[in-house]
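There are 4 protein chains.
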Amino acid sequence: MNQFGRMFRIMLFGESHGECVGVVIDGCPAGLTLSKKDFILDIKRRQPRLKGTTQRRETDEPLIQSGLWKQKTTGAPLLITIKNKDTRFEDYLPFRKIPRPGHADFAASKKYGGYNDTRGGGQFSGRLTAALVCAGVVAKKILAPVEIEASLLQAGGTTQIERAVQAAIREKDSIGGIIECRAKHLPVGLGEPFFDSVESQISHLVFSIPGVKGIEFGSGFSCSKMRGSECNDRIIDTEGKTATNHSGGINGGITNGNELLFRIAVKPPSSINKPQQTINLQTGEEAILSVKGRHDTCIALRTPVIVEAVTAIVLADFMLIEQKIPRVME
Amino acid sequence: MNQFGRMFRIMLFGESHGECVGVVIDGCPAGLTLSKKDFILDIKRRQPRLKGTTQRRETDEPLIQSGLWKQKTTGAPLLITIKNKDTRFEDYLPFRKIPRPGHADFAASKKYGGYNDTRGGGQFSGRLTAALVCAGVVAKKILAPVEIEASLLQAGGTTQIERAVQAAIREKDSIGGIIECRAKHLPVGLGEPFFDSVESQISHLVFSIPGVKGIEFGSGFSCSKMRGSECNDRIIDTEGKTATNHSGGINGGITNGNELLFRIAVKPPSSINKPQQTINLQTGEEAILSVKGRHDTCIALRTPVIVEAVTAIVLADFMLIEQKIPRVME
Amino acid sequence: MNQFGRMFRIMLFGESHGECVGVVIDGCPAGLTLSKKDFILDIKRRQPRLKGTTQRRETDEPLIQSGLWKQKTTGAPLLITIKNKDTRFEDYLPFRKIPRPGHADFAASKKYGGYNDTRGGGQFSGRLTAALVCAGVVAKKILAPVEIEASLLQAGGTTQIERAVQAAIREKDSIGGIIECRAKHLPVGLGEPFFDSVESQISHLVFSIPGVKGIEFGSGFSCSKMRGSECNDRIIDTEGKTATNHSGGINGGITNGNELLFRIAVKPPSSINKPQQTINLQTGEEAILSVKGRHDTCIALRTPVIVEAVTAIVLADFMLIEQKIPRVME
Amino acid sequence: MNQFGRMFRIMLFGESHGECVGVVIDGCPAGLTLSKKDFILDIKRRQPRLKGTTQRRETDEPLIQSGLWKQKTTGAPLLITIKNKDTRFEDYLPFRKIPRPGHADFAASKKYGGYNDTRGGGQFSGRLTAALVCAGVVAKKILAPVEIEASLLQAGGTTQIERAVQAAIREKDSIGGIIECRAKHLPVGLGEPFFDSVESQISHLVFSIPGVKGIEFGSGFSCSKMRGSECNDRIIDTEGKTATNHSGGINGGITNGNELLFRIAVKPPSSINKPQQTINLQTGEEAILSVKGRHDTCIALRTPVIVEAVTAIVLADFMLIEQKIPRVME
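Residue numbers (our numbering), protein chains in the order written: chain E, 1 to 330; chain W, 1001 to 1330; chain G, 2001 to 2330; chain V, 3001 to 3330.
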C-alpha cells in the first residue's frame, strides 16, 4: 500500500525511468505558505554531487499541481510531481533474465508476474525518494519550530568517509553507512503504546527507504548490554529532562520531551561494476554480471535528507493527531 | 491506534492490573480449527518461570468469546480475553508523583492528563503481550507450513545467559538481551516497496513490544561495513536461493524465498530494586526511588515467543493480501 | 472489516446466540466520566418492550472491561461486552439447508464456506446493535452539547404505527418503517468533500444496521423533483443559518451549521411465522418455511436509538479530526 | 481523507480551475492491458454535450503517468491526470463574500479558514468526477465480465427528461434527477455485515459525487411500506436466484448472486442564473445573487457514468478482498 499516515497522509507513485515520480499529500493544514523555493535546499541535498554518487543528472524541479493557491495550501490534496528527464532505460533490460545479486530484480519479477517496470529498477529505485523529500519539506514546514537533522556518521565502516568512498570507486565496488537523526523541541506525548509507537511509525517509514537494513533508537543495540541502572535515563527536572538519553527521547512508545534520536544502517548499493556471479533464470546456468549504467557507490551519502523527510512526515502526522498543529495555520 | 493489519487485523486492549487483557482478531479465515489447547505452549513460553522473571503468577487462560463455533472459526471477529488475577496495584501508586527513570510514567501522565491507569503501568505493560501471543497463535495456524522461530542469543551482553541473569539479580539490577527470529518456507513476493515493506511491517509491530530499542534484518548494521560485492547475496538457483543471506530474505522490501531473518535489541527493564535518583514532580526536588513490586530482571527471557507472534501476525496479513491463504480454509 | 473510524474507532464482535456481543472503542479521549448508568436509558430504548418486538429477554448489562479507571476513561481502548443469556439456538439450525427468504442465510453460508455461526443468524443479527448502542453512548457523551434525536415517523407505510403493528401481528407477518434523525449544535466544517463527506460516513455506518435499505439527507429524493431556486436554502445570517433545510445541514459534504437531518428506510424483518415458499438447497426442491422462534414484527420500533448511536459515532470521529474535541477532557 | 478502498485504493486530487484533476490508483493488479482509448467512451459520457449541460469545453484527455509500461499495468500505482484547459476563474471570485445558496461556499470558507480555492468551487466541483470516471474505467476492466450500467430514470420529477430540461433552461433554473444502477454477474459473498456491507461501501462513495442526496437499494424506501411476506425475495434455485429483487441483490450486507440494484437522488445544481436572495457576509445585509458563469442545468444528465465508476471501484475492492480477482492478471 503506497500510502502512509492517518491525518497527514502521503501516497507515493512513479518509477525510476518512467515519466515522473511524485506524491499526493492529503491532510496538510490549510493556510501554509509554500512555494517552489522551499524545496530547493532539501532536493539539492538528495541530489548526486559528491564523488561516489551516480552520474545521472536531474533538475528535480517539483511541480505543485493541486492544493495550492496564491502560495498557500488550500486544505485540498497537494499533488507534487518531479519529471524524469535523464533516462537511459536500455541499461536495465537484461535484469529480468539475469537478476542482480542483492537487488529486487528476482523477487519483483516473481511478485508482479514479470509485468513490473524494470527500467532502472522501476518502482524499486532510490529515485522515488525524491518524492519523499518533497513530502518531507511540507512536513517540516508545518512542524516548525521542531528541528530535524540527520547526518552520515560513517561509511564503509569508518568515519573517514571520503577516503572510504574513493577506495570503493577504485575497486568498482560499493559501500554502506550509518546515519544518525535527531529531532528537537518535540512536545511530550506523541505516539501510542500500541501499535503506533514513535519507534513503530518511524521505523515503518524508514524501512521504505531503499537500502536500509537496521534501525536503533537511543542507545539501541548497546542497551542490550547495559544494566537497568545504567540504561535508565535519570529525570532531572519537572519538564522531564533527563541527564542521559539512552531511550532516544521515547518511553513506552511516546515522546518524553527530550531529543528524539535514532540511527539507521544503510547497506552498500547492490549495483556494482565489479563482476559478480549470478544465475541465468532461463537456462539455469551460472552467469557473470558486471552492472553497467550509472550507480551510486555510496547511496548513504545522499540518504540523510531522506531520513529527515520520513521523520518529519511521521511527526507531522503525530502532531495533527495530538492536536499540536491546527487544521488551519496562520 | 491500537489496531494493526489490512486483511488480518488485530485490536488490542487491556491493562496490567485491570480486569483483563485481550485482542479482537478481524479477518481470520473461516474454517480454521481452533481450541484452547492451541494456545498452551506459546502462552507457557511467555510466562515467567525462570530465574530472572517476575513473581507474578497468572494462569493466562485464553477465553475465546466470539468468532468460534464447534471449534472452527466462523469468519466473524475472534474476541480473546485473558483475565488478570494476581493483581496488587497498590505497588504502583506513587509513580505519578515520582516517575521511574526509564519508564513511561512521566510521558504517559502528561499525554493522558493524569487519567492513565497507573496500576502496574496500565497499558504500558508487558502484560499486554499475552494478548499478542494469542493473536500470534491464530496467525501461526493459518500460516502453516511456514515455520517461525525466535530465540534469545545473548543477555547482558553475553551468551552466558544464566550467569548474567544471576549476577543482575544479586545486584538488584536488570539486563537486556538480543533476540533472533527466523521464518522458513515463505513464498516469494510478500511485501511492497512502499510503504509496506516486510521490514516496515515487522518493525512496526516489533516496536510495540515493550523494551525493544533496535531491529536489524539479515546482516543489518554489519551491512553498513561491507562492500557491495560481499553484501550482495549470490543467487544460486532459479528459485532464487542464495548462497548467503545478508539481506535477511528480503530485497526491495519483498520476500525473496530465502529465510526471513532479523534480530532485535531488548533493553533492561526499567523497574529495579536498586535505588535510583529521580525527581518529585510536585516539589521539583530530587528523590531516591527503589522500585518495589514484582519485576523481571531480564524480560528478554520471555520475549522470543512474542517476537514470533508479531512476525506471524504480519506474515498472515501479507499472505492474505497476496492471496496465498484462502478466505475459507479446509 | 468490523472496524470504523479514523480518530474515534470502533471494532465490533459477537454473535446473536454466542457468548456475548460487544465493542472495542479506540481513541476515546481520556478523562471522560463514564459509568454503567450512562448506558441504561439507551440500552432500554433498544430493548424489546412494545407489542411487535421479540419475546427474547436480555438484561443487556454492559461490562466495561478496560480503558476505565475510577469512572474516568484512561485514553486506552474501552472494551465493552454484553453477555447473551436468553439463547435458544436450536430454533435456527435448519436454515443452512432451507434458507429464509430475505435473510442472509444463503449468502452467508456461501461466503463463509458453511462455517458461519447460524445460531440466531450469528453475526447477521440485530443483536449486535446492542454493542453499537454502547459505543453510541460513549460518543454522545464526548459530543455534548450536540444533541442527536431519532424517531420512527411511520411503520408499514402509515403514521398510525400501533395499529399497523397490531395488524401485522395478527397476520403473522412483519412491517418496516421510516426513521428520521436530527443533530443540533454542530459546528460548521465537519466532513470532507472526498471521500469522507458527512453523508458518506453516516450512510456507511447506517447501512451496517440490519434492515436498512435507504437513506436520504435533507429533502433527499424530493430534491430530485425540485427546481434549484426552490431547493437552494437561502442563507439568512452571517452564521450561515438558512431559511429552509433541504440540504439537511450539509453542503459539499460538510456541515453548514444548520440541523443535520436524514431519514432512513427499514425493511420488514425477514423472519415471519407466515408460511413462505423457499428452496431446499440439498434437494433443489421447493420447500415451505414457517419461521419459528422469537422475532420482531417491526424492528423499526427499536431502531431509532441505534441510528442515534451510529450518528454519534460518526460525529465524534469528525469532531476529533477537526480538533473540536480535545484528546483529554476536563 | 481523499482516499478510499482497502485493496483497490484510490486517492483523488485537483480543483475545478486549477492545473488538473486526477487520481492515484493503488493496488491495481499487474498485467492489465490499458491504454488511453479505454477511457474514451466513459469520459465522453461524462462530458457536457446535451442541452442542459455546461458550456465549458474540456478535451479531458487522461494522462497515465506511472504504473503502466508497454500498455500493461505494472502493479505500481497508476497516476492519471487530466489537465484543466477551459478555465475562467474570474467568474467565481465574489462567492467568498456573497455565498451561493445551496453551495459549499459558506461552509468551505469556514472550514478552511478562507484558504480554500474558490475558483469554480475548487475541490467542491463536479470537475473532480472526471478523475473518478478514470478510476472507474480501470476498475471496470479488472471486473470484467461483471457488467455495470446506470441510467437517468427521471429529471425534474418526470420521465419526460428533455422537456423538463428545456423548461428549466428557459426559466434560468436547474433540475435534479433519479439515477438507477445495476450490476450483473457478481459472485455471491462480496461485502461484510459490519461495517463494510455492500450498501455501506457503495453509499460511501456515491455520496462523494456532488449533488447526491439519497440512495436506496432494491425497493428501498418502498420496502418500508411492504409486509415481510411481500418484501422477502423467494429463492427459486440452488444458486440463490430469487423471483423478485426487493433486496437489490444484497442480504445482510453481502451479495446474494442476483442483480445489484440501487437508485440515487441528485439534487438540482445550486448555481443558477435566476436571481436568488442570500447574504453579504461582510456587511450582514441581504444580497441578490444571479450566478454568472457556465453551469449545468441538470447535472444528473452527466451523472450515470460517474455512478457506474464508483460502483466499479467498490466492487473491484471487494473482488480483490475476496480473492475473486488475482493480483496478477493474464
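From the three backbone atoms N, C-alpha and C, an ideal C-beta is built for every residue, glycine too.
- The three-state reading of DSSP puts F1013 (chain W) in strand, counting E and B together.
- Judged by DSSP in its simplified three-state form, K51 (chain E) adopts coil rather than helix or strand.
- Residue environment analysis places Q2055 (chain G) among the exposed positions, since fewer than 16 neighbouring C-beta atoms fall within 10 angstroms of its C-beta.
- Of all residues in the region 1297–1329 of chain W, only V1328 place a beta-carbon less than 7 Å from a beta-carbon of chain G.
- If you ignore the 5 residues before and after M329 (chain E), its C-beta comes within less than 6 Å of the C-beta of P29, G31 and L32, all in its own chain and listed in chain order.
- Taken through DSSP and simplified to helix, strand or coil, G3249 (chain V) comes out as coil.
- Between T2074 (chain G) and N1273 (chain W), the alpha-carbon positions lie close to 28 Å from each other.
- Residue state for K2267 (chain G) is assigned as coil, using DSSP reduced to three classes.
- Listed in chain order, the non-local C-beta contacts of I3235 (chain V) below 6 Å within the same chain comprise T3242, local neighbours out to five positions each way being set aside.
- Here F1207 (chain W) carries a coil assignment [DSSP, helix/strand/coil].
- With contacts defined as CB atoms closer than 7 Å, Q2003 (chain G) and R327 (chain E) fail to qualify as a contacting pair.
- Considered as a whole, the region 262–328 of chain E harbours 304–321 as its complete alpha helix (DSSP H) runs of no fewer than 4 residues, in chain order.
- By the C-beta density criterion, S151 (chain E) is exposed, having fewer than 16 other C-beta atoms within 10 angstroms.
- The Cβ atoms of I1299 (chain W) and G1157 (chain W) lie no closer than 7 Å to each other.
- Listed in chain order, the non-local C-beta contacts of K1267 (chain W) below 7 Å within the same chain comprise G1176, G1211 and K1213, local neighbours out to five positions each way being set aside.
- S3016 (chain V) counts as buried, since at least 16 other C-beta atoms from the protein chains shown sit within 10 angstroms of its C-beta.
- Against R2006 (chain G), the close residues of chain E are R6 and M7, in the order they occur along the chain (beta-carbon pairs closer than 9 Å).
- In this structure, A2309 (chain G) sits away from V2138 (chain G), with a CB-CB distance that is not shorter than 7 Å.
- In the DSSP assignment, P62 (chain E) is bridged to E:I82.
- H3295 (chain V) sits buried, since 16 or more C-beta atoms from the chains shown fall within 10 Å of its C-beta.
- Close CB contacts of V1305 (chain W) within its chain, under the 8 Å cut and outside five residues either way in sequence, are with D1042, R1045, R1046, V1133, G1136 and A1150 (chain order).
- With its beta carbon at least 7 Å from every one in chain E, T3059 (chain V) lies outside the interface.
- Rounded to whole angstroms, A1104 (chain W) and Y1115 (chain W) show a C-alpha spacing of 14 Å.
- One alpha carbon belongs to M1226 (chain W), the other to I3148 (chain V), and they sit about 56 Å apart.
- A buried status is given to P269 (chain E), since no fewer than 16 other beta-carbon atoms sit within 10 Å of its beta-carbon.
- Annotation: A3183 (chain V) is outside any alpha helix (DSSP H); the continuous beta strand (DSSP E) that includes it extends over G3177 to K3184.
- For Q2166 (chain G), none of the residues of chain V pass the 9 Å Cβ criterion, the least Cβ distance being about 14 Å.
- According to DSSP, S200 (chain E) shares a beta bridge with no other residue.
- Of all C-beta pairs linking the region 74–86 of chain E to the region 177–196 of chain E, fewer than three are shorter than 8 Å, placing the two stretches out of contact.
- At a cut-off of 7 Å, the C-beta of F3195 (chain V) has no neighbouring C-beta in chain E.
- Scanning its chain for C-beta atoms nearer than 6 Å, with the 5 sequence neighbours on each side dropped, one finds around S2197 (chain G) the residues G2191 and G2253, in chain order.
- At a C-beta separation below 9 Å, N116 (chain E) has these neighbours in chain V: A3030, W3069, T3074, G3075 and A3076.
- In the DSSP secondary-structure assignment, A164 (chain E) is not bridged to any residue.
- Take the alpha-carbon of L3315 (chain V) and the one of R3006 (chain V): they are about 11 Å apart.
- Around T3255 (chain V), the beta-carbon contacts reaching into chain G at under 8 Å are A2107.
- Distances from the alpha-carbon of K3072 (chain V) to those of V:A3108, V:L3034 and V:I3098 put V:L3034 closest.
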